[in-house]
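Numbering (the numbering used here), first residue to last: 43 to 477. Just so you know, even glycine gets a beta-carbon here, dropped at the ideal spot from N, CA and C. Below is one structure, written out as structure tokens, with a few remarks after it.
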Ligand code: AMP
Ligand code: ZN
């Protein structure tokens, strides 16, 4: 027997779902028109009211929204309600130091946990489960997103946050944690520490793990399932669409159901920007159907996936997407943290000691990702004095940590050591095999 959180919404007949989507879409357009950004955008497209979009296919008359648009509108350009109606904000990295921000009204913050509760319940989880949330709490949505979803479902929630494996194990043992939420790399890391910490699988009560925030393969899922003896479910979300609770695997583990009564999904060819037929790979584009404070129309996620044709055996009518295959842009996800190479460049190139050439190496160090920034130092600066060079390395690290929350290894080189390219420079070497 499959379990549901809100059965009538999750198994809603297709025609009824479409009617709801159209009403949500028109309301989203009306809501978007309250923001300075969309008022101008939509006026240019000849849209002055939600009534101007008569059908779901007319979504194609609406211009796309990008991460850059969100950044340009920072901080208030996409806010659709009076500021006093906003009860929370979350922020994510942009292509430069300016983040993107999403506001939630009291009503929005009521919808999100509902979608998250639905997601968790779809894996067969219930009130009796003990949920240890190992995702980062804070501006990143991974922590709070599923936290409130699990609370709404009635689970005992342990807001452990990320890191500190010793404490994670203690909490898991002492409170008999049955479900965890983490990045796939963190779970593998956790497993690699079990021996050292003297923890055996039999000491734990783990049954399920929700993994997301970074791309991973089916093999990684199987590996975690075998090593930790748990059922692993893929969780997809992005801060622009709230965070976790956009698409989630059900017990069938055959694609992630997108909660289509909250998000209007399109899959487009990233080059022609035209819709691709169901089943073909393309970029996911979402429109928020229920969010009041920050409505987003046709948001280009840059994530590549495809829609699974046909119904799922669980009875949910919301369509499924395949696990994310990759991204169309150069955004790196380092242990769950989004980083654009341009952000690293901006930080290091601000420092007068740094020369012109740099490289970014991303590799696996055990289960975790490791990033190394290699940079040349100006000729007058490079010295044999190890103390000077160490000091500079630390300053580069501190600056990167402060502005984009990553702590890379830093290598300093003499001018002329790093390769020079005649054509487009290749600066990023991501050698984490797809596994
Ligand atoms: P953020 O806005 O910081 O939550 O980052 C969202 C991005 O993380 C998405 O656009 C994806 O690129 C990536 N992401 C989130 N969940 C998954 C997942 N389950 N599989 C692959 N990538 C994911
Ligand atoms: Zn299903």
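Practice task
Quick one: residues in its chain with C-beta nearer than 6 Å to the C-beta of residue 318, no 5 flanking neighbours on either side, listed in chain order?
Solution key: 309, 311, 324
Exercise for the section: Taking only the alpha-carbon atoms, compute the straight-line gap between residue 97 and residue 216 and give it to the nearest angstrom. Expected result: 54 Å
Handout entry: Closest residue to residue 224 among 177, 194, 151 (Cα-Cα distance)
Key = 177
Problem - beta-carbon residue 365 near the ligand AMP non-hydrogen atom, thresh 7 Å - result: yes
Exercise for the section: Enumerate in chain order the residues of its own chain whose CB-to-CB distance from residue 137 is below 6 Å, with the five nearest sequence positions on each side excluded. Expected result: Because residue 137 sits at a pLDDT of 47, beneath the cut-off of 50, its placement in the model cannot be relied upon, and the point is left open.
Exercise for the section: Would you mind sorting residue 172 into buried or exposed? The rule is 16 or more other CB atoms within 10 Å of its CB. Expected result: buried
Problem - Residues near residue 373 in its chain [Cβ-Cβ closer than 6 Å; skip 5 each side] - result: Correct list, in chain order: 380, 382.
Practice task
Grab the span of the alpha helix (DSSP H) containing residue 255 for me, first residue to last.
Solution key: Run containing residue 255: none; DSSP gives neither H nor E here.
Problem - Neighbourhood of the ligand ZN [Cβ distance below 6 Å to any heavy atom], ordered by chain position - result: The set of residues whose C-beta lies within less than 6 Å of a heavy atom of the ligand ZN reads, in chain order, 292, 294, 299, 354, 356, 358.
Practice task
Tell me, please, which residues DSSP counts as bridged to residue 223.
Solution key: 175, 252
Exercise for the section: Tell me whether residue 257 counts as near the ligand AMP, meaning its Cβ is closer than 7 Å to at least one heavy atom of that ligand. Expected result: yes
Problem - For residue 420 and residue 402, believed in contact at Cβ under 8 Å, the rounded distance - result: For residue 402 against residue 420, the beta-carbon gap comes to about 19 Å, at or over 8 Å, which does not count as contact.
Exercise for the section: Please state whether DSSP places residue 228 in a helix, a strand or coil. Expected result: In the structure shown, residue 228 adopts helical secondary structure according to DSSP, grouped into three states.
Handout entry: DSSP state of residue 137 mapped onto helix, strand, coil
Key = For residue 137, the pLDDT reaches just 47, beneath the cut-off of 50, and the residue's location in the model is therefore unreliable, although a value from the coordinates is still provided. If DSSP states are grouped into helix, strand and coil, residue 137 belongs with coil.
Exercise for the section: Evaluate the contact criterion for the segment 72 to 87 versus the segment 110 to 129: three or more CB pairs, one atom per stretch, below 8 Å. Expected result: yes
Handout entry: Short Cβ contact (8 Å threshold) for residue 274 with residue 248
Key = no
Exercise for the section: Compute the Euclidean distance between the alpha carbons of residue 234 and residue 149, then round it to the nearest angstrom. Expected result: Separation of residue 234 and residue 149 (C-alpha to C-alpha, rounded to the nearest whole angstrom) is 42 Å.
Exercise for the section: For residue 194, count neighbouring Cβ atoms within 10 angstroms of its own Cβ and tell me buried if that reaches 16, exposed if not. Expected result: buried
Exercise for the section: Decide yes or no for the touch test of the segment 175 to 191 against the segment 286 to 298: beta carbon pairs closer than 8 Å, at least 3 of them. Expected result: yes
Handout entry: residue 214, buried or exposed, once every other Cβ within 10 Å from all chains shown has been counted against 16
Key = buried
Exercise for the section: Using only the heavy atoms of the ligand AMP, determine whether one of them is closer than 7 Å to the beta carbon of residue 118. Expected result: no
Problem - Collapsed DSSP secondary structure at residue 99 in the structure displayed - result: helix
Handout entry: Delimiting residues of the alpha helix (DSSP H) encompassing residue 190
Key = Following the DSSP letters along the chain, one finds residue 190 inside the alpha helix (DSSP H) bounded by residues 183 to 195.
Exercise for the section: Kindly examine the ligand AMP and report whether one of its heavy atoms sits closer than 7 Å to the Cβ of residue 183. Expected result: yes
Practice task
Evaluate contact between the segment 356 to 365 and the segment 91 to 110, counting only Cβ atoms and requiring at least three cross-stretch pairs below 8 Å.
Solution key: no
Practice task
Compute the beta-carbon to beta-carbon distance between residue 163 and residue 278, rounded to the nearest angstrom, for a pair I have assumed lies under 8 Å.
Solution key: Actually they do not touch by this definition, with Cβ atoms about 17 Å apart.
Practice task
Thinking residue 270 and residue 229 are a contact (beta carbons under 8 Å), I'd like their distance in whole angstroms, please.
Solution key: 7 Å
Exercise for the section: Can you have a look at residue 221 and say buried or exposed, based on whether 16 or more other CB atoms are within 10 angstroms of its CB? Expected result: buried
Handout entry: Buried or exposed (CB count within 10 angstroms, at least 16 for buried), residue 57
Key = Here residue 57 is exposed. Its C-beta has fewer than 16 other C-beta atoms within 10 Å.
Practice task
Can you tell me which of 409, 405, 358, 442 puts its alpha carbon nearest to the alpha carbon of residue 52?
Solution key: Comparing alpha carbon positions, the residue from 409, 405, 358, 442 closest to residue 52 is 358.
Handout entry: residue 281 (DSSP reduced to helix, strand or coil)
Key = helix
Exercise for the section: Along the beta strand (DSSP E) that carries residue 44, what are the first and last residues, could you check? Expected result: DSSP places residue 44 in no beta strand (DSSP E); its state is neither H nor E.
Practice task
Have a look at the DSSP bridge pairing and note the partners of residue 455.
Solution key: 418
Handout entry: Buried/exposed call for residue 463, threshold 16 Cβ in 10 Å
Key = exposed
Practice task
Indicate the three-state DSSP secondary structure (helix, strand or coil) for residue 436 in the structure shown.
Solution key: helix
Exercise for the section: Could you have a look at residue 407 and say whether DSSP puts it in helix, strand or coil? Expected result: strand
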